[in-house]
Amino acid sequence: MTRVLDAAGIAKALAAMADAIAGRAEDGPWAIVGIRRGGEHLARRLTELLRAKVGRDKVVLGFVDITLYRDDGFGPNDWPEIGATDILFAPRDYTVVLVDDVLYTGRTVRSALDVMLDYGRPRAVRLAVLVDRGLRELPISADFVGHRMTTTANERVDVRLTESGAADDAVEVSERVHKKGGRA
Amino acid sequence: MIAGKHLLGMRGMSASTIHHILDAAEGFRGISRRTIKKVPSLRGRTVLSVFYEASTRTRVSFELATKRLSADSVNIASSGSSAEKGETLLDTAKNLDAMQCDAIILRHSASGAPHYIADRVAARVINAGDGQHEHPTQSLLDLLTMRQCFGKLEGLEVAICGDIAHSRVARSNLIALKEVGARVRVAGPRTLVPAELAETYGCEVLPSIAQAVDGAHVVMALRLQKERMTAGLLPSLREYAIEFGINARVLARARPEAILMHPGPVNRGVELSSDVVDGPRSVILDQVENGVAVRAAVLYLVLGGEAA
Numbered sequence: 001m002t003r004v005l006d007a008a009g010i011a012k013a014l015a016a017m018a019d020a021i022a023g024r025a026e027d028g029p030w031a032i033v034g035i036r037r038g039g040e041h042l043a044r045r046l047t048e049l050l051r052a053k054v055g056r057d058k059v060v061l062g063f064v065d066i067t068l069y070r071d072d073g074f075g076p077n078d079w080p081e082i083g084a085t086d087i088l089f090a091p092r093d094y095t096v097v098l099v100d101d102v103l104y105t106g107r108t109v110r111s112a113l114d115v116m117l118d119y120g121r122p123r124a125v126r127l128a129v130l131v132d133r134g135l136r137e138l139p140i141s142a143d144f145v146g147h148r149m150t151t152t153a154n155e156r157v158d159v160r161l162t163e164s165g166a167a168d169d170a171v172e173v174s175e176r177v178h179k180k181g182g183r184a
Numbered sequence: 185m186i187a188g189k190h191l192l193g194m195r196g197m198s199a200s201t202i203h204h205i206l207d208a209a210e211g212f213r214g215i216s217r218r219t220i221k222k223v224p225s226l227r228g229r230t231v232l233s234v235f236y237e238a239s240t241r242t243r244v245s246f247e248l249a250t251k252r253l254s255a256d257s258v259n260i261a262s263s264g265s266s267a268e269k270g271e272t273l274l275d276t277a278k279n280l281d282a283m284q285c286d287a288i289i290l291r292h293s294a295s296g297a298p299h300y301i302a303d304r305v306a307a308r309v310i311n312a313g314d315g316q317h318e319h320p321t322q323s324l325l326d327l328l329t330m331r332q333c334f335g336k337l338e339g340l341e342v343a344i345c346g347d348i349a350h351s352r353v354a355r356s357n358l359i360a361l362k363e364v365g366a367r368v369r370v371a372g373p374r375t376l377v378p379a380e381l382a383e384t385y386g387c388e389v390l391p392s393i394a395q396a397v398d399g400a401h402v403v404m405a406l407r408l409q410k411e412r413m414t415a416g417l418l419p420s421l422r423e424y425a426i427e428f429g430i431n432a433r434v435l436a437r438a439r440p441e442a443i444l445m446h447p448g449p450v451n452r453g454v455e456l457s458s459d460v461v462d463g464p465r466s467v468i469l470d471q472v473e474n475g476v477a478v479r480a481a482v483l484y485l486v487l488g489g490e491a492a
């Protein structure tokens, strides 16, 4: 297991992302939308950082759950967990910034776009990810990236945050343990 | 896990499976309240509803659930279908199966009809009520409603009142409530409460409605099934209403936070007085709303397990 970002590295990456988002002033006001569950806490953090720069009233927060929009159903041993989607603003008034922890195949983002569009027509949609690990299977790219790295399909990238019970914020890469019935 | 399987009844379903289905149903409740009430999970699947008995709630909520999952639905009622010309249920099912449908939702007056079909077709079979046997999705939506009101199912005292003998809702609930650790008391006319009930289902049979309702969290009234009853089980509807009907006075014996449930359709003034149907404890319309979510969850879990 290799640690590629520690708590300070994550904080720095998020601050830079917030800077870049605020830098596109013509985008505002913004709706920061976390993709459940990996992007949830990052979206909260980004929202606070962005609000500090552009003002509280310029940024709203929302969440999407993509379980019912996946293109691969669920595995034979999984109980799918259907989370709540909370879009409590009118998308047409905002530039939506989708937030996820790791950008990999791009399929999650495709699903999240579909959820978002079922709630309305945002002025624009951008994508912010803490880690872009490459290996895309769909033509999708991020507008704001905290950390870019190359990986192989045999590796897994974990973003651990204190909000989800981790002792310390960290991004770690490890060899994938093959599990029968598990999903990529 | 019920992926790739049929849903025939509550018998044999574990408490953890029940809670997983209810969790999934909670996830579907939000979709009903959106502007675009649709998710793409079952796009391209075909669901056939075969209703050989009258139904409003179950049929409509299955159809809404199917549409909200983006599957295509086709409805067949016995009148207007080849059943009127004498086609057997099995022949009908095999013909529908040949049209490559993914699921058959069946309501039939014969107990065991869905089980019989399930062994003989490729499609998944979902029981929407079979004779006097089971009505699993009704039981699941009842459990969901109870869990929402009390935050748990374990330890709840549930009074099931009325026509137990003819009720598939009662049967499914007796099985499921025992599995999740609730305690059930039943009461009704002797002619409508089977003698072996306590022994078979581990419930308590009480001599009067008032005693069953006493201190209950949940008071569940059943519809007096007039169409299933041949004469002789009851002297008159009026007498039934007086002896076994639930009104505000009876309901006051339940816990202060108690809820009143009914699977519908209600015979107003028979098993329930109108004031309690529309009263503050009634969750009858919450049950209906939950019905769509539960049926969506069941369809999703039964059909959504493979890659589209």
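These protein sequence lines are chains A and B, in that order. The first sequence: position 129 = 129 (the numbering used here), numbered continuously. The second sequence: position 220 = 404 (the numbering used here), numbered continuously. All C-beta atoms in this analysis are idealised placements derived from N, C-alpha and C, irrespective of residue type, glycine included.
{"Item": "Three-state class that DSSP yields for A282 (chain B) in the structure shown", "Value": "helix"}
{"Item": "Enclosing alpha helix (DSSP H) for N357 (chain B) [first to last residue]", "Value": "R352 to E363"}
{"Item": "Under 9 Å (Cβ pairs) to chain A, residues found in the region 460-486 of chain B", "Value": "A481, Y484 and L485"}
{"Item": "Cα-Cα separation between A400 (chain B) and R437 (chain B), rounded to whole angstroms", "Value": "8 Å"}
{"Item": "Contact the region 313-331 of chain B vs the region 259-268 of chain B: 3+ CB pairs below 8 Å", "Value": "no"}
{"Item": "Secondary structure of I205 (chain B), DSSP reduced to three states", "Value": "helix"}
{"Item": "Supposed close pair V102 (chain A), V159 (chain A) - CB separation, criterion 8 Å", "Value": "6 Å"}
{"Item": "Identified DSSP bridge partners for L290 (chain B)", "Value": "B:V234 and B:N311"}
{"Item": "Limits of the alpha helix (DSSP H) - the one that N474 (chain B) falls within", "Value": "I468 to L487"}
{"Item": "With 16 other Cβ atoms within 10 Å as the buried cut-off, status of P298 (chain B)", "Value": "buried"}
{"Item": "Rounded separation between I393 (chain B) and T230 (chain B) - CA only", "Value": "44 Å"}
{"Item": "Status (buried if at least 16 other CB within 10 Å, exposed otherwise) for L88 (chain A)", "Value": "exposed"}
{"Item": "contact_flag[the region 63-71 of chain A, the region 214-233 of chain B] where n(CB pairs < 8 Å) is 3 or more", "Value": "yes"}
{"Item": "Cβ contact check for the region 237-248 of chain B and the region 356-363 of chain B: 3 or more pairs under 8 Å", "Value": "no"}
{"Item": "Close beta carbons around T108 (chain A), own chain, < 7 Å, minus the five adjacent residues each side", "Value": "I35, I66 and D100"}
{"Item": "Span separating the alpha-carbon of G28 (chain A) from that of F74 (chain A)", "Value": "37 Å"}
{"Item": "Interface residues of the region 28-40 of chain A facing chain B [CB-CB below 7 Å]", "Value": "none"}
{"Item": "Simplified DSSP assignment, three categories, for R331 (chain B)", "Value": "helix"}
{"Item": "Spatial distance of S233 (chain B) from D72 (chain A) (CA atoms)", "Value": "26 Å"}
{"Item": "Within 7 Å of chain A by C-beta, residues of the region 188-205 of chain B in sequence order", "Value": "H204"}
{"Item": "First and last residue of the uninterrupted beta strand (DSSP E) at R3 (chain A)", "Value": "T2 to L5"}
{"Item": "T375 (chain B) classed as buried or exposed, judged by whether at least 16 other C-beta atoms fall within 10 angstroms", "Value": "exposed"}
{"Item": "Of the residues A:I32, A:G55, A:T150 and A:A52, the one placed nearest R44 (chain A), counting alpha carbons only", "Value": "A:I32"}
{"Item": "Within 7 Å of chain B by C-beta, residues of the region 82-95 of chain A in sequence order", "Value": "I82, G83, A84 and T85"}
{"Item": "Straight-line gap, A492 (chain B) to A371 (chain B) (C-alpha atoms, nearest Å)", "Value": "In this predicted model, A492 (chain B) has a pLDDT of only 42, less than 50, meaning its place in the structure is not dependable; the value taken from the coordinates is given anyway. Computed Cα separation, rounded: 48 Å."}
{"Item": "Between the CA atoms of P76 (chain A) and G181 (chain A) - distance to the nearest angstrom", "Value": "Residue placement at G181 (chain A) is poorly supported in this model, since its pLDDT is 48, which falls under 50; the coordinates are not used for a value here."}
{"Item": "As assigned by DSSP and simplified to three states, the class of P142 (chain A)", "Value": "Correcting the residue type first, residue 142 (chain A) is Ala in the shown sequence and not Pro. Reduced to three states, the DSSP call for A142 (chain A) is coil."}
{"Item": "CB contact below 7 Å: F63 (chain A) versus chain B", "Value": "no"}
{"Item": "Chain A within 7 Å of V223 (chain B), Cβ atoms only", "Value": "yes"}
{"Item": "DSSP three-state assignment for R183 (chain A), whether helix, strand or coil", "Value": "Note that R183 (chain A) has pLDDT 48, beneath the 50 cutoff, so the model's placement of it is unreliable and no number is given."}
{"Item": "Contact with chain A by G488 (chain B), beta-carbon distance below 7 Å", "Value": "yes"}
{"Item": "Among B:V368, B:D459, B:T250 and B:V454, the one whose alpha carbon lies nearest that of G339 (chain B)", "Value": "B:V368"}
{"Item": "The ligand NAD heavy atom lying under 6 Å from the CB of G386 (chain B)", "Value": "Absence of the ligand NAD is noted for the structure shown, with no ligands found whatsoever."}
{"Item": "Local Cβ density within 10 Å of P320 (chain B), reported as buried at 16 or more and exposed below that", "Value": "buried"}
{"Item": "Nearest-angstrom Cβ-Cβ length linking C345 (chain B) and M283 (chain B), presumed shorter than 8 Å", "Value": "With a Cβ gap of about 43 Å, C345 (chain B) and M283 (chain B) do not count as contacting."}
{"Item": "CB of I443 (chain B) within 7 Å of CB of V467 (chain B), strictly", "Value": "yes"}
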